[in-house]
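Note that the protein sequences, when read in sequence, are chains A and B. Sequential numbering from 173 applies to the first sequence in the working numbering. Sequential numbering from 2 applies to the second sequence in the working numbering.
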Amino acid sequence: MSTFLGMPARPPRSPYGTGNLRGDEPFPRAAHRELGNGQLRRNLGKATTTIRTKRLNVTGELPDWEALRDAGSAIKTDAMNRLPELLEQLERKVTEHGGTVHWARDGAEANEIVARLVKATGSSEVIKVKSMATQEIGLNEHLESVGITPYETDLAELIVQLAHDKPSHILVPAIHRNRDEIRQIFLDRIPGVDPELDNVPAHLAAAARAYLREKFMATKVAVSGANFGVAETGTLSVVESEGNGRMCLTLPDTLITVMGIEKVLPRYQDLEVFLQLLPRSSTGERMNPYTSLWTGVTPDDGPQDFHLVLLDNGRTAALADAVGRAALNCIRCSACLNVCPVYERTGGHAYGSTYPGPIGAVLTPQLAGMHAADDDPNSSLPYASSLCGACFDACPVKIDIPSLLVELRHQNTEQSGTTPEKLAMRAAAAVMKRPALYTGAQKAAGLGRLVAGRDRTISRLPPPFAGWSDSRDTEAPPRQTFRAWFASDEGRAALRAAADEHDGSHAEHDPGDGRHDPGDEGHDHSHGEGEKK
Amino acid sequence: MTDARDTVLGRIRAALALAPTPATVVPRRYRTGRVLPDGERLALFTDRLLDYKAEVRPCTADRTAQVVADVLRDHGARRIGVPAGLDPRWLDAYDGDVSPDAADIPAPRLDALDAVVTASAAGCAETGTIFLDGSPDQGRRALSLVPDLHLCVVDLSSVEAGVPEVLARLVPERPTTLISGPSATSDIELERVEGVHGPRTLVVVIRKDV
Ligand code: SF4
């Protein structure tokens, strides 16, 4: 390895052209198309609102919620700092308890390992527990290409798989489908389903139960992800609701778990933090119906052949970035999606990656890069945000997503020479009814962050409002976060006035504004230039 | 060829060298070591279980067999499975078929059972969670998963106030299942449906004096 003066080589991103970490088109264009889907927006709106309310109820009832967030954040940061020793410890413990540990540099290697392990069992079918890591690496596609049939067993994943569709939300992947569509998918694709099946959710769930029950009883191999892997004890964990996870983790002879290297926790005791943070942030429940914890192989109980595949696939590249690294702390609760005004409008597909929403906008470019090809769609992701900060407030492990986005915008500007204003404007025009306000917000926030450094305080209004505020001697938003200031009456009024003024002088940058009343709920957005290549 | 393990570990070390960060101390200022009186734990645990749509039957230890028999009769359970180490006296008042479990019984045969009766390792009041750890009175994981009704006997003395307190009771290496109500999904238009793949009915018999 040719290293200069002992500088270590920068770890590689997830290889271009593999897996599901990149869409086919930039965010603004994809978002524009998704906005035309009224069904999607209604379902998403209902889902995000419902989950948001539930989450606030169950996080609000814990007097030590903030202390749990602090602990969760610190545990993850500590784990990242000590990743080599923790992974070696995890490997040792899993091996001691009768499991086998494999390492995969990237998705393709992980896919090959899993396929080889499945083939070694003689089985041509696997049952799967919902897992983002295996979605990320395109495991199902790979298994199919070598003659192995994967059956998704989470209800939503089953719907998505039967419809040859892609998940649109981390937690409720089929949220873009309504009951009539799901009924039709089942009638078309589930062999032997009752032709009289109606669209009542309980009946649809029962049809899935009957179909999958037979798979659970007969299939010899299961593939899962993991929410947590405890280095100290070698214990792995899957958090779920339906019981399909328990079925997959318990009934087959062979279990293969694919886990990103960032999922390791130092101590068993750390679960006491995450088993409070995750369910409350994710589904808004005090506890999810089922959590399974297992350590290697237990004689006479569950799979007697256990394999753990530890996956890099760009995670080490993210780790090499002092700011971006924080995205690896994510526990995939989806709280940031549910509070995001941009996600709520566009849904998950617009992000083009397995990881949508605010966390996807920071994680995807770091895992897979932003400049792997000309016009890399991932380079638009850091602009898919108004930087309003709601995601940061909601995040159970306190990932400062807005600061990470700003950092990525920096990096993108440096590498591509595109002006951030232009990119942000395109994203704004595609997503918001009032792009000027949105853009004003993102500028004030983003540039404010730059002005003030990384302590997230704003010392003065940034351009283009700087001149405006200077000349009017407006009180600058002093020593508070942008979000706090934005939420104040003063902040709102100042931004609105600034945005209106900005509209007048920069109308040509702002193709969408003025055509839609703020109260207009129509989705007939025709934004012209913003969506063109 | 360098193997994947060395490569990945090498990349991690390189990444940490490129972006070094100071060691982190984990602040654990959240609540631990909480102790609640029996009555409060019972009330909290019951409230949470009912919220999850579980059925709750509080009783005293001397009534265990009668309550177990009543529940099974109420649900029409004629054939039940039990772990090999279950206290046989709990079934004294039950007149249906009882199949003691064994490791070589295949899952489809468990599917033919109407119900399973198990003990439990611990409980958590604040979250309404039951913990099974595969001890002889709880059996292997498949047994408490496949039958459609799970009757779980929980001793109040094993129910802790919160999550940190209950995790401290567990043996990490044992296969552990946390159960908070019957299985559920909200995958279709976010409408909650109780009972998907796990037992569709969960009955918790809480023994107040044990
Ligand atoms: S970034 Fe935070 S809020 Fe978003 S999914 Fe990850 S843990 Fe949850």
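Even for Gly, the Cβ is constructed at its ideal location relative to N, Cα and C. None of these values were measured; they are calculated from a predicted model.
Helix, strand or coil at residue i according to DSSP, with G and I counted as helix
| i | result |
| --- | --- |
| His-674 (chain A) | Any answer about His-674 (chain A) is weak, because its pLDDT of 38 lies below 50 and its placement is not dependable; what the coordinates show is given next. His-674 (chain A) falls in the helix class under three-state DSSP. |
| Ala-380 (chain A) | helix |
| Asp-473 (chain A) | strand |
| Ser-453 (chain A) | helix |
| Val-155 (chain B) | strand |
| Leu-203 (chain B) | strand |
| Glu-161 (chain B) | strand |
| Pro-184 (chain A) | coil |
| Asp-627 (chain A) | Because the pLDDT of Asp-627 (chain A) is 36, which lies under 50, any placement of that residue in the model is unreliable, and the number read from its coordinates should be weighed accordingly. Correct three-state label for Asp-627 (chain A): helix. |
| Thr-190 (chain A) | coil |
| Ala-563 (chain A) | Correcting the residue type first, residue 563 (chain A) is Cys in the shown sequence and not Ala. Helix at Cys-563 (chain A). |
| Leu-482 (chain A) | strand |
| Asp-442 (chain A) | helix |
| Ala-123 (chain B) | strand |
| Arg-208 (chain B) | strand |
Distance CB(residue i)-CB(residue j) smaller than 8 Å
| i | j | result |
| --- | --- | --- |
| Ser-409 (chain A) | Ser-453 (chain A) | no |
| Gly-191 (chain A) | Val-301 (chain A) | no |
| Ile-81 (chain B) | Val-155 (chain B) | no |
| Leu-480 (chain A) | Val-298 (chain A) | no |
| Asp-477 (chain A) | Thr-536 (chain A) | no |
| Ala-282 (chain A) | Ala-522 (chain A) | no |
| Val-395 (chain A) | Ile-428 (chain A) | yes |
| Arg-517 (chain A) | Arg-213 (chain A) | yes |
| Thr-488 (chain A) | Ile-131 (chain B) | no |
| Pro-549 (chain A) | Leu-559 (chain A) | no |
| Gly-279 (chain A) | Asn-485 (chain A) | yes |
| Cys-153 (chain B) | Ser-121 (chain B) | yes |
| Lys-387 (chain A) | Tyr-323 (chain A) | yes |
| Ser-506 (chain A) | Leu-327 (chain A) | no |
| Ala-44 (chain B) | Ala-70 (chain B) | no |
| Ile-347 (chain A) | Ser-340 (chain A) | yes |
| Ala-566 (chain A) | Val-534 (chain A) | no |
| Leu-191 (chain B) | Thr-222 (chain A) | yes |
| Gly-123 (chain B) | Leu-92 (chain B) | It is worth fixing the name first, because residue 123 (chain B) is Ala in this sequence and not Gly. Not in contact: Ala-123 (chain B) and Leu-92 (chain B) (Cβ atoms no closer than 8 Å). |
| Ala-169 (chain B) | Phe-46 (chain B) | no |
Interface partners of residue i on chain A, CB under 7 Å
| i | result |
| --- | --- |
| Thr-177 (chain B) | Leu-465 |
| Ala-16 (chain B) | Pro-183, Thr-488, Leu-491, Ala-492 |
| Glu-192 (chain B) | Pro-373 |
| Gly-40 (chain B) | Going along chain A, no residue has its Cβ under 7 Å from Gly-40 (chain B), so there is no contact; the nearest lies around 20 Å. |
Neighbouring residues, chain B, relative to residue i (Cβ below 8 Å)
| i | result |
| --- | --- |
| Val-393 (chain A) | Near Val-393 (chain A) there are no residues of chain B at all, since even the closest Cβ is about 14 Å away, more than 8 Å. |
| Asn-416 (chain A) | Val-197, His-198 |
| Ile-428 (chain A) | The premise fails here: Ile-428 (chain A) is roughly 16 Å from chain B at the closest Cβ pair, so nothing lies under 8 Å. |
| His-269 (chain A) | Glu-174 |
Contacts of residue i in chain A (Cβ-Cβ under 9 Å)
| i | result |
| --- | --- |
| Ile-131 (chain B) | Here the premise fails: no neighbours, minimum Cβ distance about 10 Å. |
| Leu-10 (chain B) | Leu-255, Pro-256, Leu-259, Glu-260, Trp-275 |
Interface partners of residue i on chain D, CB under 8 Å
| i | result |
| --- | --- |
| Gly-135 (chain B) | You won't find chain D in this structure, because its protein chains are A and B. |
Endpoints, alpha helix (DSSP H) assigned at residue i
| i | result |
| --- | --- |
| Val-9 (chain B) | 5–19 |
| Gly-237 (chain A) | The sequence given here has Trp at residue 237 (chain A), not Gly. Start and end: 237–253. |
| Ala-540 (chain A) | 529–540 |
Opening and closing residue of the beta strand (DSSP E) in which residue i lies
| i | result |
| --- | --- |
| Ile-285 (chain A) | Taken as a continuous stretch (DSSP letters only), Ile-285 (chain A) belongs to no beta strand (DSSP E), being part of the alpha helix (DSSP H) at 279–293. |
| Arg-193 (chain B) | Careful: Arg-193 (chain B) lies outside any beta strand (DSSP E) and carries neither H nor E. |
| Tyr-515 (chain A) | Unbroken run through Tyr-515 (chain A) is the alpha helix (DSSP H), 513–518; no beta strand (DSSP E). |
| Ile-428 (chain A) | 426–432 |
| Pro-59 (chain B) | 56–60 |
| Glu-197 (chain A) | Counting along the chain, Glu-197 (chain A) falls outside any beta strand (DSSP E), and DSSP gives it neither H nor E. |
| Thr-130 (chain B) | 130–133 |
| Thr-272 (chain A) | 271–276 |
| Arg-80 (chain B) | 80–83 |
| Leu-465 (chain A) | 462–467 |
Contacts that residue i makes with chain B (C-beta to C-beta distance below 9 Å)
| i | result |
| --- | --- |
| Asn-215 (chain A) | Glu-190, Leu-191 |
| His-405 (chain A) | Reading the sequence as shown, one finds Thr at residue 405 (chain A) and not His. Under the 9 Å cutoff, chain B gives Pro-173, Glu-174. |
So, do the stretch 427–440 of chain A and the stretch 398–406 of chain A have three or more beta carbon pairs nearer to each other than 8 Å? yes
For the pair the stretch 523–532 of chain A and the stretch 52–72 of chain B, tell me if three or more CB-CB distances fall below 8 Å.
no
(Q) Would the stretch 74–91 of chain B count as touching the stretch 99–112 of chain B if we require 3 or more Cβ pairs under 8 Å? (A) yes
Taking contact to mean 3 or more Cβ pairs, one atom from each stretch, closer than 8 Å, check whether the stretch 131–141 of chain B and the stretch 109–116 of chain B are in contact. no
State whether the stretch 64–82 of chain B contacts the stretch 111–128 of chain B, with contact taken as three or more CB pairs (one from each stretch) at a distance under 8 Å. yes
**Message:** Measuring CB atoms only, is the stretch 464–475 of chain A touching the stretch 158–176 of chain B, in the sense that at least three cross pairs come out at less than 8 Å?
**Reply:** yes
Can you confirm whether the stretch 29–45 of chain B touches the stretch 159–166 of chain B when touching is taken to mean that 3 or more C-beta pairs between the two stretches lie within less than 8 Å?
yes
**Message:** Does the stretch 444–452 of chain A come into contact with the stretch 234–244 of chain A, if we say contact requires no fewer than three beta-carbon pairs (one atom in each stretch) closer than 8 Å?
**Reply:** yes
Say whether the stretch 190–198 of chain B touches the stretch 355–368 of chain A, bearing in mind that this needs 3 or more beta-carbon pairs closer than 8 Å, one atom from each stretch.
no
**OP:** Answer yes if the stretch 252–259 of chain A comes into contact with the stretch 8–23 of chain B, meaning at least three C-beta pairs across the two stretches below 8 Å, and no otherwise.
**Re:** yes
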